[in-house]
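If you're matching them up, the sequences are chains A and C in order.
Start counting the first sequence at 1; every next residue gets the next number (our numbering).
Start counting the second sequence at 1; every next residue gets the next number (our numbering).
Think of the CB as a built atom: it goes at the ideal place given N, C-alpha and C, for glycine as much as any other residue.
Computed from a prediction, not measured in an experiment: that's the story for all the values here.
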Amino acid sequence: MDIFQNLIMGFQVALSFQNLLFCFIGVLIGTLIGVLPGIGPTTGVAILIPVTFGMNATTAIITMAGVYYGAMYGGSTTSILINVPGESSSVMTTLDGYQMARKGRAGPALGMAALASFIAGTIAVLLLTFTAPPLANFAVAFGPPEYFALTFMGLTLVTSLAGESVIKGIMSGVFGLLLACVGIDAISGAARFTFGEIYLLDGLGFISVTVGLFAVSEVLVNIEEPMSQVYTQAKLNIRSLLPNLQDWKDSFGALWRGSLIGFFIGVLPGAGATIASFLTYATEKKLSKHPEKFGTGVIEGVAAPEGANNAAAGGAFVPLLTLGIPGSGTTAVLMGALLIHGLRPGPMLFQNNPDFVWGLIASMYIGNVMLVILNMPLIGMWVSLLRVPYKALMPLIVTISAVGVFATDNNIFDMWVMFVFGIIGYIMRKLDFPAAPTVLALVLGPMVERSLRQSLTISHGDLSIFFTRPISAALTIFALLSLFAPLFRAAWRKLRAAKLGM
Amino acid sequence: MPQQSATFGPGVGFLPFWLGVLMAILSILLIVTAWLRPADPTKKVIFPGRQALIAIVLVLASLAVYILLLEVLGFLVDTMLFTAFLLSVVMRERWKMTLLIASATSGGLYVIFQLLLEVNLPKNLFGF
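This is the structure in structure tokens:
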């Protein structure tokens, strides 16, 4: 078959010593970047562009792609170990991953994150290989109403997920949306909530808010608990470093569902690893036989989002390579790199430069393998980091967070944002408001608002546009149902109890 | 350029306004449901005890000072002092360990961020 011939050619390209070496370097740097809170894959890839000027195009892109999905994996490490998500795509991993670590199961959590990333990443590359062109058409069918419906659904799902009180979850999400409104409005150019501060014109940085809400608040909360107790349990019960057979059985469904959902979401330009991670988490929770256990440390809660975000990274290459549309910040930088090297992404890329495209795809398989080989032994190292007494760890966490936040934009102001949100995060935690919906709403907010206003502009203010287009209608109705379902159920129960009590 | 550019769709204040309304409604709901729920005597007081409160204030205050002095003292010196403060005062670590960990932290971070990642960390008058 034509595809297999191309793949073999691709492997020949990818397995050259130079490409292998740089794939490894990319994956290594990517993992490091992912682990450090603050710097994300976008910055990492951007930093590498000048470095790769001298290389040929294929090697350069292989390196940068390695950084991209290496960072996807690295972000999960801090999520699991210290409850600090490295990127928005790792936020869902904190919910169960950190709880697993507190129960002494950091090893299996990290292992499952690595293996789920590998499996899902490989599945994504397989799907990419075989379905790239027809998928491109699917991506194009998504217009503003569909994007609104998708992101709206994402928001409703995530607010119902975290924590017991639905009201507090929704409030947290609304808070996040309000935070997303800070800055220059994309459509009209008006500055909102900036209070004359230049640095707020671009909005509150996601990294600053997240690191403040998660890392700094975590440190403040932990001050109250007796210091030793925070990680003592982890010290005592490190039974195994890898997921056991039961873990695999539990995660099986999550893995393949996460890969598929993640890949298809990744294909959509704009929607990416973040949405994929919580859609799969929500799906697993709803399909699970024990939904109430999600959030306390179930392995599927790690396998699903971790698999999904790597699958989405793979899916993001579909619009980039086939249509020349970058789906996210990182793919935009990658596209810039492609252009610098003289390659024009788009339909002609497959025909004009097949060795490049297939070499890239083959290197993604190899990169996934390298990630697992690289990271499995490191799990032991990460877990032993937990043995470091909290006394020494706490200042380290604070300082790394502060520096990481500074490093995003070389701006002291971002550190103040982190500071303020550290306090806010502490208060939210004490009052049992989940932090995840805030952060996720902050990420999705601009897209929600933009697609809402674009849709209403298209329809001249008519709300029915969301219900007359098939995809949008399905997603919106599903979102509304999932939002009101718990309320209906509670009302139904009260009604029955009242009837019985009569 | 006309003032009103978004003639068909909602304007700039649309989303913040309705989010505000939503937040107000949810807050009322929260208060009402909490009021109607019987009090739970087993729940502990959420306000931190005196010792913890002092520690929290110390951490926050020192963090604020750290940020303020970052461009004055430069990254290396400021981070060293900040980490040392947190270790010795808040965590009550011995001075030898404090020195060791503080220098390792600021040095290590310098290497990772300034040298490896080429992030321009703040420098003081003397250039470091």
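- According to DSSP, residue pairing for A191/A in a beta bridge involves I184/A.
- Listed along chain A, the residues sitting closer than 9 angstroms to F82/C by beta-carbon distance are P395, V398, T399 and A402.
- Put simply, of V13/A, L36/A, T52/A and Q12/A the residue whose alpha carbon is nearest the alpha carbon of I25/A is T52/A.
- Any Cβ of chain A closer than 8 angstroms to the Cβ of A61/C would place that residue at the interface, and such an atom is absent.
- Minimum Cα-Cα distance from N375/A among the listed residues T77/A, I49/A and A46/A corresponds to T77/A.
- Around the Cβ of V35/A, a 10 Å sphere holds 16 or more other Cβ atoms; the residue is buried.
- Any Cβ of chain C closer than 8 angstroms to the Cβ of M153/A would place that residue at the interface, and such an atom is absent.
- Cβ contact annotation for F148/A (same chain, cutoff 6 angstroms, sequence separation greater than five): S451, L452 and S455, in chain order.
- Measuring C-alpha to C-alpha distances from E87/A to each of T42/A, L128/A and A106/A identifies T42/A as the nearest.
- Contact note: V174/A reaches chain C through L19, L22, M23 and L26, using a C-beta cutoff of 8 angstroms and chain order.
- With fewer than 16 other beta carbons inside 10 angstroms of its own, I28/C counts as exposed.
- Assignment of L343/A by DSSP, reduced to helix, strand and coil, places it in the coil class.
- Residue environment: N410/A is assigned as exposed (fewer than 16 neighbouring CB atoms within 10 Å of its CB, all protein chains considered).
- Interface with chain A (8 angstroms Cβ-Cβ cutoff): G9/C is included.
- The alpha carbon of E306/A has as its nearest neighbour, out of G336/A, G359/A, A124/A and S277/A, the alpha carbon of S277/A.
- Annotation: the continuous alpha helix (DSSP H) that includes V32/C extends over F14 to L36.
- Non-local C-beta neighbours of G445/A in its own chain, meaning closer than 6 angstroms and more than five positions away in sequence, comprise L177 and A180, ordered along the chain.
- Non-local beta-carbon contacts of H290/A in its own chain, meaning distances under 8 angstroms to residues more than five positions away in sequence, involve V298 in chain order.
- For Y66/C, the uninterrupted alpha helix (DSSP H) segment begins and ends at R50 to L73.
- Judged by their CB atoms, Y426/A and V221/A are nearer to each other than the 8 angstroms cut-off.
- In the assembly as shown, L481/A is an exposed residue. Its beta-carbon has fewer than 16 other beta-carbons within 10 Å.
- Taking 8 angstroms as the CB threshold, A39/C stays off the interface with chain A.
- In the structure shown, the three-state DSSP call for D202/A is coil.
- Within its own chain, the residues whose Cβ lies closer than 6 angstroms to the Cβ of I265/A, once the five positions on either side in sequence are excluded, are A271, I275, A276 and A312, listed in chain order.
- Short of 6 angstroms from the beta carbon of G10/A, and not among the five residues preceding or following it, lie these beta carbons of its own chain, in chain order: W358, G359, I361 and A362.
- When the beta-carbon positions are compared, V13/A and T58/A come within less than 8 angstroms of each other.
- For V111/C, no CB of chain A lies under 8 angstroms from its own CB, so it is not counted at the interface with that chain.
- At least one CB of chain A lies nearer than 8 angstroms to the CB of L29/C.
- Taking CB atoms only, W492/A has no neighbour in chain C less than 8 angstroms away.
- Along the length of the stretch 78-163 of chain A, whole alpha helix (DSSP H) runs at least 4 residues long occupy 91-102, 106-140 and 144-161, reported in chain order.
- The beta carbon of P144/A sits closer than 6 angstroms to those of S451, Q454 and S455, all from its chain and outside the five residues before and after it, given in chain order.
- At a cut-off of 8 angstroms between beta carbons, L70/C contacts chain A.
- Taken in chain order, the members of the stretch 453-473 of chain A whose beta-carbon sits within less than 9 angstroms of a beta-carbon on chain C are R453, Q454, S455, L456, T457, I458, S459, H460 and G461.
- Per DSSP, reduced to three states, the secondary structure at T476/A is helical.
- If you ignore the 5 residues before and after V140/A, its C-beta comes within less than 8 angstroms of the C-beta of L323, all in its own chain and listed in chain order.
- Secondary structure of I423/A (DSSP, three-state): helix.
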